[in-house]
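Note sheet for the following structure.
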Amino acid sequence: MQLAKDNYMYQMIRCELVDAVGKEFVNSGSADGLGHSVDYYWIPEMWHDRGLEPQKPDFVVHPGSTEEVAKVMKIANQYKIPVTPWGGGSGSQGGALPIYGGIILDMKRMNKVVEIDTRTLSVTCETGINAQHLEWAVEKAGYSTMHFPASIACATIGGFLAHRGTGVLSTKYGKIEDMVMSLEVVTPTGEIINTLPVPRHASGPDLTMLFLGSEGTLGVMTKVTLKIHPVPEARKFHAFLFPDMHSAMTAGAGLMHSRLQPCAIRLYDGPETAKLIKRVLGIDREGAYLVFGFDGPEKIVDLQMERACEICRNANPKEDLGTKSGEAWWNNRYKFFYPPYMFHMPQAFGTLDTVATFGKIENVYWAMKNTVETNFPEATFIGHFSHWYDWGCMLYARFIFEKAPEDPAEAAALYNRVWDMAIRAAIKEGGVINEHHGVGLKLGRLMKELYGPAMHVLEDIKKQLDPNNIMNPGKMGFKGV
Amino acid sequence: MHINQFTEVISACRFCFMCRHLSAVGQAGCREADTPRGRALIADSIRMHPEKIADADFVDTIYRSDLAGSNRFHCDGYHDGKGYDEVGLQLALRRDIVEAGTQPENVKKIADEFEKTADWKVEGAGDVLYFTDRYSQSTPEIAQSFAKLAEKGAVKYRTISGGCIGKVLRVLGYADRSKAVAKKFAAFINGLGAKTLVVSNPAAYDTLVNDYKEYGIELKVKVMHSSEFIANLKLAYKPIKESVGYIESDFLKNYVKNYPYPAELLKQIGAKCEPIGTNIEESYTAGEAAVVLPLLNPTLTGQLAGQVAKSVDNELLLTASPYTRRTLSDANLKVLTLEEFAAQSL
Ligand SMILES: Cc1cc2nc3c(=O)[nH]c(=O)nc-3n(C[C@H](O)[C@H](O)[C@H](O)COP(=O)(O)OP(=O)(O)OC[C@H]3O[C@@H](n4cnc5c(N)ncnc54)[C@H](O)[C@@H]3O)c2cc1C
Ligand code: SF4
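Set out below in structure tokens:
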């Protein structure tokens, strides 16, 4: 859309938005416009870096309550203006970008902790709360959300719900979708609905799951009740070095098959061990670095740790790196994401994250790696396996070009080609488009290939809920305006 | 442009979200622009398109910042003590704005008014000098408490009262005028032949210790924040029952880097310190490091103070900063400076 500010319709709509949320919470200034035109997706970053202006919203609206969100949705429907929810803007898929202008619904003002229920062990909060702030508030009450993503300080809870995000302790405590008890949602037409109060039931299909991962295309999640946990008495880590990724994977799968309950497992392939483990942790070795941890009552932790180390020792490691290098990883787990450790311009980089069963995950890895290395010899491919399940694990692979073409159109074309080829290779081997960063603008075009005829089901749901196609159009494979 | 000396900071911060949770101003207004990332994007835009220095919304955003430097504490933690100086970038950008003449009218006015106050008078006798600035003077209880403590410690001191010693001009972007005032103050102090200069305001401490050093100005006195001076007196205090919450000063924590004396003094007094809010990283000073935020943007200052009121549940708050004492008292919080608390505990 992008209305001219001297257009009287712009002013008319602005007046209605001001009426809904208050004058100081409707912003159309250049500073906020700039902040909202770039999220953590490489393409708008590159666009900005080249001195170009990424698309800006017409209005940035900060609702302060669910009712205000509903009012904004009704106004947007009336005028058929696109609405894009924005949490912390830390999404890497361009999901929060106002690609058609319109309204950015910045959720950060909805940041209240509503209730900590110590009988149920749950917290109810508004979704615009920063994840670190929520964790601090819950910790103050003596508990933890156990949701520790690397972007804990950057992102809102709403963003994690919208992307089915995950934290470093997911192997024991689950991804965000495993933590949710229930949701309050404002639909695209402005109705306020609640999903059932408990996550396990046989009262029809699960509406909560419909909204989790919907990336602002099916409605605005305004409140959530999440499980919380007692702070464990002990949390311990241990690391091993394996001669290669395959033997490390055998050990990692062995840990999961043993049905021990590790809170985290992370396995770095050879190139990432050589690059990042050396740079960030100072462990300079050739091979595949595997680290895992347990938490809970200390005696149980020790027992599980002993058994886990036995499994690893039986899998022929190159070296037992011990507890210290395991703890070092835990203590520095966020450091990887701070400049200058994080990849940055002029590099072009992307996280090709996917998930598959143990039977397929190594093939997925090799398919992606070969695709990137064969077709883009100037790119480096590194990867680690971050989130582990009873049945498989998640691959967090990265491609890195030391320098992307200067011409922005050429750079974007190269970038998209890598994604298309690598993701198609993953899908062919039994992987999916993404595991916890979502689809957004970046990968929408591949959704039909992933879902096949089932994509119609999603499209029909979208049409039903959002007849005017105003909610985050053009994202997640849904049509644009 | 001065921001060109900070290209590394711009490159690091413009696409980095890792300290946004610590931006008190960002939380007060929920604006994306009021974060280190948002401001670095603005700086980058101006770097690439210098004409944008006239963009009133960009300029306003840069002057909204509380300059708290919480990111210094946070970012440093992850960078082996070598974090990115986002505050330095903002000060450089303010200099560029002033040099381009696009600063808001009230910035000019505040700078002119403060520059005029750069005049000091000395009273009393003694080897120690005690400087009270504008904020300390606006709460006379601070100087009265200092007097009581000094008397107990049998210290004779001379009081210096007066206005700007450089900080206000510096934070508003008038680096050259700040330096000129600093030179004048240093000449005045050096002419008094004293050994020690005590200041109650952490802003003054940071100015005299860090800014003067950067300007190449030598002070022939040992500068101390009052907490250090009082702690050195090693006075006896009566036992205290009530618990208190200590609000860290942005200057002493993030600029001077964990100045140990407030904690040491509280230990000597035997105060039972409860944590503030939910964490030790955020700034609860209501804009201390922006020094004149209440003049620049009273609404925002009120929002910051309101935010502190919402996040702290301590009955009595202590601060090393007369600014914070004043601003939070205005928001109906019970706040004392360290001098006042120490004097009450004698
Ligand atoms: C340094 C770094 C490290 C990261 N590490 C992790 C990690 O460990 N684990 C992980 O899962 N992710 C990680 N991410 C990615 C990112 O933090 C997540 O995708 C996060 O979920 C985004 O949240 P946000 O609040 O920033 O959302 P935004 O980027 O603002 O928005 C993301 C999407 O959610 C939608 N949305 C936002 N709020 C709502 C709402 N209330 N209702 C409906 N839709 C909404 C938006 O429209 C958009 O489509 C990382 C990102 C960075 C920058
Ligand atoms: S100061 Fe550090 S943590 Fe904050 S935005 Fe800049 S680089 Fe990131």
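In the order they appear, the protein sequences are chains A and B. So that you can map any letter, position 82 of the first sequence is 82 in this note's numbering, and since no number is skipped, the others follow by simple counting. Offset between the second sequence (1-based) and this note's numbering: plus 481. All residues carry an ideal CB built from backbone N, CA and C; glycine is no exception. What you are looking at is a predicted structure, and each value in this text was computed from that prediction instead of being measured.
Expressed to the nearest angstrom, what Euclidean distance is found between the alpha-carbon atoms of T380 of chain A and E373 of chain A?
-> Here residue 380 of chain A corresponds to residue number 380 of the first sequence, with the count starting at 1. Here residue 373 of chain A corresponds to residue number 373 of the first sequence, with the count starting at 1. C-alpha separation (whole angstroms): 7 Å.
With distances taken Cα to Cα, identify the nearest neighbour of V609 of chain B among B:D557, B:Y804, B:V652, B:L673.
-> Locating residue 609 of chain B in the second sequence gives position 128, counting from the first residue. The shortest C-alpha separation from V609 of chain B is found at B:L673.
Within the present structure, is the beta-carbon of Y338 of chain A separated from the nearest heavy atom of ligand 2 by less than 7 Å?
-> Here residue 338 of chain A corresponds to residue number 338 of the first sequence, with the count starting at 1. Look at Y338 of chain A: its beta carbon is less than 7 Å from one of the heavy atoms in ligand 2.
Determine the contact status of H436 of chain A and H163 of chain A, defining contact as a CB-CB distance below 8 Å.
-> Taking the first residue of the first sequence as position 1, residue 436 of chain A is located at position 436. Taking the first residue of the first sequence as position 1, residue 163 of chain A is located at position 163. Yes, they are a contact pair.
Indicate whether at least one CB of chain A lies closer than 8 Å to the CB of G550 of chain B.
-> Residue 550 of chain B sits at position 69 when you count from the first residue of the second sequence. Output row for G550 of chain B: interface = no.
Take the Cβ of L303 of chain A as the centre, count every other Cβ of all protein chains shown within 10 Å, and call the residue buried at 16 or more, exposed below.
-> In the first sequence, residue 303 of chain A corresponds to position 303, counting from 1. Exposed.
Between F337 of chain A and chain B, is there a C-beta pair that is closer than 8 Å?
-> Mapped onto the first sequence, residue 337 of chain A falls at position 337. Under the 8 Å criterion on CB atoms, F337 of chain A is classed as interfacial with respect to chain B.
For ligand 2, any of its heavy atoms closer than 7 Å to the Cβ of M499 of chain B?
-> Locating residue 499 of chain B in the second sequence gives position 18, where the first residue counts as 1. Yes, ligand 2 has a heavy atom inside 7 Å of this Cβ.
Which chain B residues are close to V21 of chain A, counting only those with a beta carbon under 7 Å from its beta carbon?
-> Here residue 21 of chain A refers to the residue found at position 21 when the first sequence is read from its first residue. Within chain B, no residue comes near V21 of chain A; the closest Cβ sits about 11 Å away, beyond 7 Å.
How would you call C15 of chain A, buried or exposed, if buried means at least 16 neighbouring beta carbons within 10 angstroms?
-> Sequence index remark: in the first sequence, residue 15 of chain A carries index 15 (1-based). Looking at its Cβ environment, which holds fewer than 16 other Cβ atoms inside 10 Å, C15 of chain A is exposed.
Between the CA atoms of G474 of chain A and K227 of chain A - distance to the nearest angstrom = Along the first sequence, read from residue 1 onward, the residue named residue 227 of chain A stands at position 227. Along the first sequence, read from residue 1 onward, the residue named residue 474 of chain A stands at position 474. Just so you know, the alpha carbons of K227 of chain A and G474 of chain A end up roughly 33 Å apart.
Using the C-alpha atoms, what's the distance from A31 of chain A back to K71 of chain A?
-> Here residue 71 of chain A corresponds to residue number 71 of the first sequence, with the count starting at 1. Here residue 31 of chain A corresponds to residue number 31 of the first sequence, with the count starting at 1. C-alpha separation (whole angstroms): 25 Å.
Distance, T222 of chain A Cα to M107 of chain A Cα = In the first sequence, the residue the question calls residue 107 of chain A occupies position 107. In the first sequence, the residue the question calls residue 222 of chain A occupies position 222. Cα to Cα, the separation comes out at about 8 Å.
Which of helix, strand or coil does DSSP assign to F376 of chain A?
-> Residue 376 of chain A sits at position 376 when you count from the first residue of the first sequence. The answer is coil: DSSP assigns F376 of chain A none of H, G, I, E or B.
Could you tell me which residues DSSP puts in a beta bridge with P85 of chain A?
-> What you label residue 85 of chain A is simply residue 85 of the first sequence in a count that begins at 1. In the DSSP output, where bridge partners are listed per residue, P85 of chain A has A:L105.
Status (buried if at least 16 other CB within 10 Å, exposed otherwise) for S619 of chain B | To locate residue 619 of chain B, count along the second sequence from 1; it is residue 138. With fewer than 16 other Cβ atoms within 10 Å, it is exposed.
For ligand 2, any of its heavy atoms closer than 7 Å to the Cβ of N363 of chain A?
-> Residue mapping note: residue 363 of chain A aligns to position 363 of the first sequence, counting from 1. Checking every heavy atom of ligand 2 against the Cβ of N363 of chain A, none is found closer than 7 Å.
For the stretch 87–94 of chain A against the stretch 135–154 of chain A, are there 3 or more C-beta pairs whose distance is under 8 Å?
-> Yes, since at least three Cβ pairs between the stretch 87–94 of chain A and the stretch 135–154 of chain A fall closer than 8 Å, the two stretches touch.
Partner residues on chain B for C154 of chain A, Cβ-Cβ distance less than 8 Å = Along the first sequence, one-based indexing puts residue 154 of chain A at 154. Within 8 Å Cβ-Cβ: F498, M499, R501, H502.
Exposed or buried, which one is N370 of chain A when buried takes at least 16 other CB atoms within 10 Å?
-> What you label residue 370 of chain A is simply residue 370 of the first sequence in a count that begins at 1. Burial call: exposed.
Is any beta-carbon of chain B found at less than 8 Å from that of K479 of chain A?
-> On the first sequence, position 479 is the one that residue 479 of chain A refers to. By this cut-off, K479 of chain A is not an interface position.
Does any CB atom of chain A fall closer than 8 Å to the CB of T782 of chain B?
-> Walking along the second sequence from the start, residue 782 of chain B turns up at place 301. Residue-level contact check: T782 of chain B does not touch chain A, since none of the beta carbons of chain A fall below 8 Å from its beta carbon.
Using a threshold of 7 Å, is the CB atom of A162 of chain A nearer than that to any non-hydrogen atom of ligand 1?
-> Start at 1 with the first residue of the first sequence, and residue 162 of chain A comes out as number 162. Checking every heavy atom of ligand 1 against the Cβ of A162 of chain A, one is found closer than 7 Å.
Using the Cα positions of E449 of chain A and D420 of chain A, report the straight-line distance between them to the nearest angstrom.
-> To locate residue 449 of chain A, count along the first sequence from 1; it is residue 449. To locate residue 420 of chain A, count along the first sequence from 1; it is residue 420. Each residue's Cα considered, the two are about 11 Å apart.
For S30 of chain A, decide whether its Cβ has a neighbour in chain B, counting only Cβ atoms nearer than 8 Å.
-> Here residue 30 of chain A refers to the residue found at position 30 when the first sequence is read from its first residue. With 8 Å as the cut-off, S30 of chain A counts as an interface residue toward chain B.
Backbone secondary structure at V439 of chain A - three-state DSSP | In the first sequence, counting from the first residue as 1, residue 439 of chain A sits at position 439. Here DSSP, grouped into helix, strand and coil, assigns V439 of chain A to coil.
Find the nearest neighbour of G647 of chain B within the set B:N552, B:Q508, B:G787, B:V772, judged by alpha-carbon distance.
-> Start at 1 with the first residue of the second sequence, and residue 647 of chain B comes out as number 166. If you compare the alpha carbons of B:N552, B:Q508, B:G787, B:V772 with that of G647 of chain B, the shortest gap goes to B:V772.
Reducing DSSP to helix, strand and coil, say where N363 of chain A ends up.
-> Counting from one through the first sequence, the residue named residue 363 of chain A turns up at place 363. If DSSP states are grouped into helix, strand and coil, N363 of chain A belongs with the helices.
Going by C-alpha distance, which of A:L207, A:T208, A:R285, A:L121 is nearest P243 of chain A?
-> On the first sequence, position 243 is the one that residue 243 of chain A refers to. Nearest of A:L207, A:T208, A:R285, A:L121 to P243 of chain A, Cα basis: A:R285.
Helix, strand or coil: how does DSSP classify I277 of chain A here?
-> Sequence index remark: in the first sequence, residue 277 of chain A carries index 277 (1-based). Judged by DSSP in its simplified three-state form, I277 of chain A adopts helix.
Could you tell me the boundaries of the beta strand (DSSP E) in which I192 of chain A lies?
-> For the purposes of this step, residue 192 of chain A is taken as residue 192 along the first sequence, with counting starting at 1. Looking at the DSSP string, the run of the beta strand (DSSP E) that includes I192 of chain A is 192–194.
Does DSSP put S810 of chain B in a helix, in a strand, or in coil?
-> Translated into positions along the second sequence, residue 810 of chain B becomes position 329. Correct three-state label for S810 of chain B: helix.
Using only alpha-carbon positions, find the residue among A:L414, A:V457, A:D407 that is nearest to G51 of chain A.
-> Translated into the one-based positions of the first sequence, residue 51 of chain A becomes position 51. With distances taken between Cα atoms, G51 of chain A lies closest to A:D407.
Since I103 of chain A and D58 of chain A are thought to touch, with beta carbons under 8 Å apart, how far apart are those beta carbons, to the nearest angstrom?
-> Here residue 103 of chain A refers to the residue found at position 103 of the first sequence. Here residue 58 of chain A refers to the residue found at position 58 of the first sequence. With 8 Å as the limit, I103 of chain A and D58 of chain A qualify as a contact, their Cβ atoms being about 7 Å apart.
Flag this pair as yes or no: are the beta carbons of A801 of chain B and P683 of chain B separated by less than 8 Å?
-> Here residue 801 of chain B corresponds to residue number 320 of the second sequence, with the count starting at 1. Here residue 683 of chain B corresponds to residue number 202 of the second sequence, with the count starting at 1. Going by C-beta atoms, A801 of chain B is nearer than 8 Å to P683 of chain B.
State yes or no: is the C-beta of N691 of chain B within less than 8 Å of the C-beta of A549 of chain B?
-> Within the second sequence, numbered from 1, the residue matching residue 691 of chain B stands at position 210. Within the second sequence, numbered from 1, the residue matching residue 549 of chain B stands at position 68. Taking C-beta atoms as the reference points, N691 of chain B and A549 of chain B fail to come closer than 8 Å.
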